[in-house]
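Student: Can you read through this structure? Questions will come right after.
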Amino acid sequence: VLGKMAVILLKSAGAKVQDYTNIPGSSSARAAQLQGEVGMEWEYTGTAWIAYLGHDNGIPNKTKQYEAVRKEDLRKNNLVWLPPAPMNDTYGFATTAKTAARLHLSKLSQIKDLPVKERTFCVESEFKNRNDGFQPMLKAYGLKFGSSVPSGNVKTLDTGAIYAATAQGQCNFGEIFTTDGRIQALNLKVLQDDRHFFPNYSMCPVVRKPLYEAYPQMRKLFETVAAKLDNNTLRRLNADVDVHGMKPADVAMQFLRSQGFVS
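Shown next as structure tokens:
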């Protein structure tokens with residue numbers, strides 16, 4: 002959706018645009034940009050910091066994470082990171098509104114106060130093995146896999162199945178991505194990461210330096226749009242595609258028109 006927004010915005014400003022938003026996967030898109038085949042893309046600060054720049058852990062502070070990525074990627078790869086959107090598409094845990102009310106929950110730190118039988122989780126296999134994943138998260142919140150969270154309390158599911166399993170009560174807490182449209186569609190409640198364990202995955206427009214120097218007006222073009230992209234907005238836009246079956250280009254155009262960015 003954001004890729005289609007970029008295409009529409011650039012065309013509206015008079016640019017000639019080649020649309021490569023169908024490149025499969027972030028690594029392929031990154032490689033294309035480093036090779037000069039792609040001039041601009043949207044990217045996550047956390048992905049760049051950990052996957053591309055090779056750091057083991059994210060920086061908890063959102064602004065410091067952005068500044069660190071911006072400086073290092075410019076120095077090493079001649080890529081200009083424009084200001085981030087307020088959204089943060091990171092890992093999180095959600096529960097149903099009914100379960101949240103029953104257990105009086107709004108924050109991850111409150112899980113420690115629950116009876117062991119209520120500490121049930123649905124997670125994906127990759128998340129169980131990441132250094133910003135399940136067991137380190139439990140430790141950060143005063144819990145331990147195998148004792149305070151018995152192995153029998155944890156179900157390993159495919160990513161797409163976790164949302165429905167959580168909504169259906171197969172577990173109390175499901176691992177989610179915080180801007181996924183199924184959160185809204187299934188009326189799930191995202192618990193606050195009140196100890197700031199999960200890395201920041203802020204979305205930014207990233208432009209090759211020669212292109213940015215030739216067209217510095219790109220900053221203002223994208224900055225005003227990015228400022229409108231908070232988590233609730235992204236969830237709604239993602240739901241239009243994943244739940245309601247709309248085409249990403251139509252969702253992008255509808256949003257840009259509704260906000261007055263294009264006519």
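Sequence positions in the sequence shown follow the numbering used here and run 2 to 264.
We treat Cβ as the ideally placed atom computed from N, Cα and C, and that holds for glycine.
#1: Would the segment 180 to 196 count as touching the segment 93 to 100 if we require 3 or more Cβ pairs under 8 angstroms?
#2: Can you list, in chain order, the residues of its chain with a C-beta nearer than 7 angstroms to that of residue 213? Leave out the 5 residues immediately preceding and following it.
#3: Could you tell me the boundaries of the alpha helix (DSSP H) in which residue 235 lies?
#4: Give the secondary structure of residue 261 by DSSP, where H, G and I count as helix, E and B as strand, and everything else as coil.
#5: Does residue 39 come out as helix, strand or coil in the three-state DSSP assignment?
#6: According to DSSP, is residue 65 part of a helix, a strand, or is it coil?
#7: Would you give the residue range spanned by the beta strand (DSSP E) that residue 128 belongs to?
#8: What three-state label does DSSP hand residue 206 in the structure shown?
#9: Just to confirm the assignment: which complete alpha helix (DSSP H) runs, minimum length 4, are found wholly within the segment 43 to 111?
#10: Would you decide whether residue 44 is buried or exposed? Buried here means 16 or more other CB atoms lie within 10 Å of its CB.
#11: For the alpha helix (DSSP H) containing residue 223, list its first residue and its last residue.
#12: State the beta-bridge partners of residue 252 as determined by DSSP.
#13: Answer yes or no: do residue 231 and residue 87 have a C-beta to C-beta separation smaller than 8 angstroms?
#14: Cα separation between residue 124 and residue 8?
#15: By the three-class DSSP mapping on this structure, what secondary structure does residue 118 have?
#16: Return the residue from the list 47, 250, 263 that minimises the CA-CA distance to residue 27.
#17: Between the Cα of residue 159 and the Cα atoms of 126, 135, 171, which residue gives the shortest distance?
#18: Measuring alpha carbon to alpha carbon, tell me which of 10, 73, 110 ends up nearest residue 56.
#19: Is the Cβ-Cβ distance between residue 221 and residue 260 less than 8 angstroms?
#20: By the three-class DSSP mapping on this structure, what secondary structure does residue 171 have?
#21: Do you know whose CA, among 184, 197, 106, lies nearest residue 237's CA?
#22: What did DSSP end up calling residue 184 once you bin it into helix, strand or coil?
#23: Check this for me: beta carbons of residue 143 and residue 113, under 8 angstroms apart or not?
#24: Cutting at 6 angstroms between CB atoms, please list the residues of its own chain near residue 20, excluding the five before and the five after it.
Tutor: On the basis of the data shown:
#1: yes
#2: 81, 219
#3: 232 to 243
#4: Residue state, collapsed to three classes: coil.
#5: coil
#6: helix
#7: Per DSSP, residue 128 belongs to no beta strand (DSSP E); it is in the alpha helix (DSSP H), 126 to 130.
#8: strand
#9: 63 to 78, 98 to 104
#10: Buried, by the Cβ-count rule.
#11: Its alpha helix (DSSP H) spans residues 219 to 227.
#12: Paired residue(s): none; residue 252 is not in a bridge.
#13: Contact flag set, yes.
#14: 35 angstroms
#15: helix
#16: 47
#17: When 126, 135, 171 are compared, the shortest CA-CA separation from residue 159 is found for 126.
#18: 73
#19: Judged by beta-carbon spacing, residue 260 lies beyond the 8 angstroms limit of residue 221, meaning their Cβ atoms are not closer than that value.
#20: The answer is coil: DSSP assigns residue 171 none of H, G, I, E or B.
#21: 184
#22: Correct three-state label for residue 184: helix.
#23: yes
#24: The residues are 8.
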